[in-house]
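Numbering-wise (this note's numbering), the sequence shown opens with residue 9 and increments by one.
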Amino acid sequence: MQTEFAATSLLAGCVIGAAFGGGLSDRFGRRKVLIFSAILFAFSSIGAAIPRTLTEFVIARVAGGIAIGVASVLAPLYIAEVSPAHIRGRLVSLNQMAIVTGILLAYLVNWGLSSTGPEAWRYMFAVAAIPSVLFLIALFFVPESPRWLTENGQDTEALRVLTKVSNPAQAEVEMKAIREVIAEESGTLAELFQPGYRRAIWLAISLAILQQWTGINTVLFYGSIIMKEQVGGQSESSAIGANVLIGLINFLCTIIAIWLIDKLGRKPLLIFSAAGMAVAHAGLAWAFLQTPRPGMVIVGLMLLCAACFAVGLGPGVWVVLSEIFPTRIRGRAMSIATVALWIACVILTFTYLSIASALGPSGAFTIYGVMCLITIWIVVKFTPETKGHSLEEIERIWKKS
Numbered sequence: 009m010q011t012e013f014a015a016t017s018l019l020a021g022c023v024i025g026a027a028f029g030g031g032l033s034d035r036f037g038r039r040k041v042l043i044f045s046a047i048l049f050a051f052s053s054i055g056a057a058i059p060r061t062l063t064e065f066v067i068a069r070v071a072g073g074i075a076i077g078v079a080s081v082l083a084p085l086y087i088a089e090v091s092p093a094h095i096r097g098r099l100v101s102l103n104q105m106a107i108v109t110g111i112l113l114a115y116l117v118n119w120g121l122s123s124t125g126p127e128a129w130r131y132m133f134a135v136a137a138i139p140s141v142l143f144l145i146a147l148f149f150v151p152e153s154p155r156w157l158t159e160n161g162q163d164t165e166a167l168r169v170l171t172k173v174s175n176p177a178q179a180e181v182e183m184k185a186i187r188e189v190i191a192e193e194s195g196t197l198a199e200l201f202q203p204g205y206r207r208a209i210w211l212a213i214s215l216a217i218l219q220q221w222t223g224i225n226t227v228l229f230y231g232s233i234i235m236k237e238q239v240g241g242q243s244e245s246s247a248i249g250a251n252v253l254i255g256l257i258n259f260l261c262t263i264i265a266i267w268l269i270d271k272l273g274r275k276p277l278l279i280f281s282a283a284g285m286a287v288a289h290a291g292l293a294w295a296f297l298q299t300p301r302p303g304m305v306i307v308g309l310m311l312l313c314a315a316c317f318a319v320g321l322g323p324g325v326w327v328v329l330s331e332i333f334p335t336r337i338r339g340r341a342m343s344i345a346t347v348a349l350w351i352a353c354v355i356l357t358f359t360y361l362s363i364a365s366a367l368g369p370s371g372a373f374t375i376y377g378v379m380c381l382i383t384i385w386i387v388v389k390f391t392p393e394t395k396g397h398s399l400e401e402i403e404r405i406w407k408k409s
């Protein structure tokens, strides 16, 4: 319970950050709110490294979670708003590429620090301040979102930004499309629940929840615990080393996703991803019923699960969420979907060890496999293909439905 509580405290902060990040960005701009999150990242990293009690640790982790929640809403949103339509999926996927690169680097650093003694965990948290500061510095060199600038009457600056990321002729076309869509919108959150858009918000919430409930974070968060406590015969260092393999596969398969998402489209990758994860979960459910448990098979199936997630559901869901909402309330709409995602992540992370204790790991992975099958149904039946469409064209699809 204490392990689940410590792990989940970060995710509780993510819910808070995601809930308020979109609204703040609609008011103050994407860039300024991202700068705030970078500062909070740095302070929380140090705060998590120096606590004397679990309560102090949890407070620092909640603060870090708020920063993650804000960034998880605004990073894909910002990228989608500055990207040309024909490479938008690829560029939004780079956000997921950054995430999995960070996961891999964190696993490697933790593995290297795991032999430094009982205080190693403090160093593991403290070093996260370094990328936090780099993130803050980088934000001073990126422009504000052109769509936000246009909404706030800064058309000249918006055109300058669009020209930097495409060419003058294409920038003029983009500006015209942005103005037309903004002119048609009421700009209220209630617009999301009008016919057409209502379908978009429920689809976004469903995909956000199912991205988590397909069980990926049981592998990413608890992979070393699974290897050490449920497979057996593994030292702490070798269990963390298994996490490095998972992180490496996650990293490599995200590169594949970036290459494929604007070629094959969003739907095929999402379907393939969920189907592959269902197979991996079924295999894990079987493996945990064996005596003795086949350690290498379990590692292989965990790697398969991570690979299938990284090639589809990982980047693909974020791409779809960043594409399907109206411009003026896209920040708040993304917040709703991302809050749903983080709440689902909290529930998954806070219940896995308890479910595995009550039903055995086999029962837990059976549940996640069923969630993968539900995901396939949602994608096939309700998710439109957004490949190659401008954000304005996607918005009109919902208005016609």
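No residue lacks a Cβ here, since even glycine has one placed at the ideal position from N, Cα and C.
All figures in this text were calculated on a predicted structure; none of them were measured in a lab.
Pairing SER80 with THR262 gives a Cβ-Cβ distance that is not under 9 Å.
Take LEU218, set aside five residues on each side of it, and the residues of its chain with a beta-carbon closer than 7 Å to its own are MET379, ILE382, THR383, ILE386, in chain order. ALA136 carries a coil assignment under DSSP once its states are collapsed to helix, strand and coil. The Cβ atoms of VAL181 and SER91 do not sit closer than 9 Å to each other. Distance from the CA atom of VAL252 to the CA atom of VAL23, rounded to whole angstroms, is 27 Å. Contact check for SER365 against TRP294 fails: the beta carbons are separated by 9 Å or more.
At a cut-off of 4 residues, the continuous stretches assigned as alpha helix (DSSP H) that sit fully inside the region 204–289 are 205–221, 224–233, 244–272. For LYS395, there is no enclosing alpha helix (DSSP H), as DSSP marks it with neither H nor E. With respect to the C-alpha of ILE107, the residue from GLU403, PHE390, VAL354, GLY255 having the closest C-alpha is GLY255.
Across the structure, ALA20 and SER362 are spaced so that their CA atoms are roughly 18 Å apart.
Note on geometry: alpha-carbon atoms of SER140 and ILE402 lie some 34 Å from one another.
Considering only SER330, ALA352, GLY368, the residue with the shortest C-alpha distance to SER398 is SER330. The beta carbon of ILE47 sits closer than 7 Å to the beta carbons of LEU144 from its chain, once the five residues preceding and following it are set aside; these are given in chain order. Below 8 Å, enough C-beta pairs join the region 93–112 and the region 265–273 to call them touching: three or more. Secondary structure note for MET9: it is in no alpha helix (DSSP H), with a DSSP letter that is neither H nor E.
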